[in-house]
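**Student:**
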Amino acid sequence: MDSNKRQRTLYSREDIATRVKELGEIISKEYKDKNLLVISLLRGSFIFASDLVRELSIPVEVDFMTTASYGHNEISSGNVEILHDIRTGVEGKDILIVDDIIDSGYTLNKVKEMLSLKNPNSVKICVMLDKPSRRKVDINPDFVGFTIPDVFIVGYGLNYGDHYRNIPYIFTFD
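Each residue of the sequence shown is one higher than the last, beginning at 1 in UniProt numbering.
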């Protein structure tokens, strides 16, 4: 990917804020009177997860898990590593895994399977971006910000190499 190419914005800062607010309202209704634990998958989802939990109108616990499957590549290796596990007990809780994007599904499938073994009440998935055309395993998110075509995207927490996570909108290179 040549970062000297022209950027094309897919979702503006305003588009993202509007959709995150809508997701917060939907999730708040879904988890009303439940014991919600949001697990943010680092590093990519930290911005989305932060914005999302601030839009929740219900009590929520937050924890973090660090996974790796991409390295500096544009395509998942399929080999998912759990670099840092959560510290919170999940038994009897309703877990919402939050990630920036689901494409192949390898990472979220492994994380969901692993957390399901720890006896939670439920495990659901929320992603900012869904790229269903790239799915390699049978898993679908329960809450989606935007569904996107098969393009490489960066910004709003999504990186290219070690850069672009801080860009407040989502773009691709033309």
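Backbone N, C-alpha and C fix where the C-beta goes; we use that ideal spot for every residue, glycine too.
1. Check for me: the beta strand (DSSP E) holding Asp99 runs from which residue to which?
2. So what does DSSP say about Asp130, is it helix, strand or coil?
3. Would you report the Cα separation of residue 223 and Ser133, rounded to the nearest angstrom?
4. Here's the rule I'm using: 16 or more other beta-carbon atoms within 10 Å means buried, otherwise exposed. How should Thr147 be labelled?
5. Taking only the alpha-carbon atoms, compute the straight-line gap between Phe171 and Phe143 and give it to the nearest angstrom.
6. Secondary structure at Arg54, three-state DSSP: helix, strand or coil?
7. Return helix, strand or coil for Asn166, following the three-state DSSP convention.
8. Output the distance between the C-alpha atoms of Gly105 and Glu91, rounded to the nearest integer angstrom.
**Tutor:** In this structure, then:
1. Asp94 to Ile102
2. strand
3. With the chain covering only 1 through 174, there is no way to say anything about residue 223.
4. exposed
5. 21 Å
6. helix
7. coil
8. 24 Å
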